[in-house]
Ligand SMILES: Nc1ncnc2c1ncn2[C@@H]1O[C@H](COP(=O)(O)OP(=O)(O)OP(=O)(O)O)[C@@H](O)[C@H]1O
Ligand SMILES: [Mg+2]
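What follows is the structure in structure tokens.
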């Protein structure tokens, strides 16, 4: 009996923690939106963050999406050559890259690089009382720390996603050409019939949603860091794990909402 | 003017301060004494609105602040300054940027005027020439003094000092004591000073209050507290005196030299 009670107690505690976490996230998001709504954005910090987050992340994002596009292309081209459906390879890759893989993979890489950096930077400011020092100098930490990071990510992640899609499509074409001898015209033949502007807009909406998720989770973890250096490490790991899980979950949800009809 | 009325502060089930009453009038300097861990920093943090209080009321310049929004509290904080026990310097900024922080954000001063003010503040804490250093290049005592310069940058009406002289040599201690007095004499600052340094306390404070077991067990001039019959108060002073005596002995003076 004791075990059972303990089991339900731990579930209850977990659920309370979950609710508290959501409360914190909503709090920070609401506060950030308040400042964004009033255009009280620290542009110099935002611009710095944009280059740190977006520009510096591009090489690794491009590597990851390129290899993904290349393996997809390898698989599809090999099959298509056998079944004589080579004019669908390009359309399939372009469709799945823009709609799903470019947004998700870019976001996952950025969550690993940038979400962790946000959590560890804000977290170490928290444990060394720098957040309190900011507040004592009449500076709201959400306005000063969270808003610039969120704004930078919301601006940069869609840009990174667009370039990631382009790069991955190009690289998958290279593989299709090498493996199946597909010409550019053949590769692109069915793209216009399947790919329409709606999926591009959908991909951008996803990128914005992922950007907000990464920024908010990084900031929530950072702002509530406790327990010195170990706490900073824990916050950093949590920021990455939580935002990655949310990105995959959110992606499924958004795909259902944005593309109920499929191609 | 800053006033705490029946303030109780708890971390979870750990009640750190209970029914604290404290009123510091304009231009007054009050020191807070007490053993390590008794809640002195907690008291200052509550006065600054950095932590929530469980019950009671806090007034700054007559305005109740414990129940107001963070954004409104920021307006109040523009008239306050806090020196943190560990400095709490922004470690991604230089000393100059730390001290200039509030001036840049809350005033429309030109960069040249800001430079003048920052240099003047750094000079006041004997740190001229350190403005381009980063906090991790400073010693503990230097960091503490940068923290003081940063808190004083806007010439706030209310100053909260958390152990401003701990770890400073006697000459720097005297400099900081002078500075605290100057902020009062020249700008009319109202101050609360947490300190373990009884000599500094008796030089700067109009009044001292001692915390023990979450309550004020004594308030009055340092001399009055020293003469107190309360066993907890007299134990504190006996131990502090013995410590000071040991310090003097180390410096080659007879323990009772100034007695
Ligand atoms: N954030 C916190 N969470 C939980 N407990 C805390 C927190 N901050 C302080 N405490 C507790 O409150 C008590 C008072 O701490 P405080 O820092 O105010 O002491 P202090 O009087 O400033 O001590 P010192 O002279 O060593 O600086 C301590 O028992 C401490 O454990
Ligand atoms: Mg303290």
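Protein chains in written order, with this note's numbering: chain B, 26 to 288; chain H, 14 to 272.
Here a beta-carbon is modelled for each residue, glycine too, at the ideal position from N, C-alpha and C.
Does the contact criterion of 3 or more C-beta pairs under 8 Å hold for the region 175-194 of chain B versus the region 120-128 of chain H? no
Chain-order list of residues whose beta-carbon lies under 8 Å from that of residue 152/B (same chain, five-residue window excluded): 250, 251, 252, 253, 254, 256 and 257
Chain-order list of residues whose beta-carbon lies under 8 Å from that of residue 214/H (same chain, five-residue window excluded): 44, 46, 206, 208, 221 and 235
Report all residues for which the CB-ligand distance to some heavy atom of ligand 1 is below 5 Å; order them along the chain. Cβ-based neighbours of ligand 1 within the cut-off: 24/H, 29/H, 49/H, 50/H, 51/H, 52/H, 53/H, 54/H and 55/H.
Report the start-end ranges of each beta strand (DSSP E) in the region 148-189 of chain H that is 3 residues or longer and not cut off at the edges. 171-175
Determine the burial state of residue 263/H: buried for a count of at least 16 other Cβ atoms within 10 Å of its Cβ, exposed for fewer. Reliability fails at residue 263/H, whose pLDDT of 49 lies under 50, so the model's placement of it is uncertain and no value is given.
Taking Cβ-Cβ distances shorter than 7 Å, what residues in chain B pair up with residue 87/H? Chain-ordered, the chain B residues with CB closer than 7 Å to the CB of residue 87/H read 163 and 165.
Classify residue 140/H as helix, strand or coil using the three-state DSSP reduction. coil
Can the beta-carbon of residue 54/H be found closer than 8 Å to that of residue 98/H? yes
Select from the region 145-160 of chain B all residues with a C-beta closer than 7 Å to any C-beta belonging to chain H, and list them in chain order. 153, 154, 155, 157, 158 and 160: these are the residues of the region 145-160 of chain B whose beta carbon lies less than 7 Å from some beta carbon of chain H, given in chain order.
Please list, in chain order, the residues of the region 60-75 of chain H that have any C-beta partner in chain B closer than 7 Å. Listed in sequence order: 61 and 63.
Report the option in 217/B, 155/B and 198/B whose CA atom is closest to the CA atom of residue 97/B. When each option's Cα is compared against that of residue 97/B, the closest is 198/B.
Using the beta-carbon count (16 or more within 10 Å), is residue 44/B buried or exposed? exposed
Among residues of its own chain, excluding the 5 on either side of residue 110/B, which ones have a beta-carbon nearer than 7 Å to its beta-carbon? none
Could you list which residues in chain C have their beta carbon closer than 7 Å to that of residue 83/H, in chain order? Looking at the structure shown, chain C is missing, and the protein chains on hand are B and H.
In its own chain, which residues sit with a C-beta less than 6 Å from the C-beta of residue 116/B, not counting the 5 before and 5 after it? Counting only residues of its own chain and dropping the five nearest sequence neighbours on each side, residue 116/B has a CB closer than 6 Å to the CB of 215, 216 and 219.
Rounded C-alpha distance that separates residue 123/B from residue 282/B: Each residue's alpha carbon lies about 16 Å from the other.
Residue 266/H to residue 246/B span [Cα, whole Å]: The predicted model places residue 266/H with a pLDDT of 44, which falls under 50 and marks its position as unreliable, so this point remains unresolved.
If you draw a straight line from the alpha carbon of residue 157/B to that of residue 96/H, how long is it in whole angstroms? 11 Å
Would you list the one or two residues that DSSP bridges to residue 232/H? 222/H
Residue closest to residue 213/B, alpha-carbon to alpha-carbon, out of 237/B, 56/B and 114/B: 114/B
Compute the Euclidean distance between the alpha carbons of residue 162/H and residue 203/H, then round it to the nearest angstrom. 17 Å
My output table needs one value for residue 6/H: the three-state DSSP class, helix, strand or coil. No statement about residue 6/H is possible, as the shown extent of chain H runs from 14 to 272 and does not include it.
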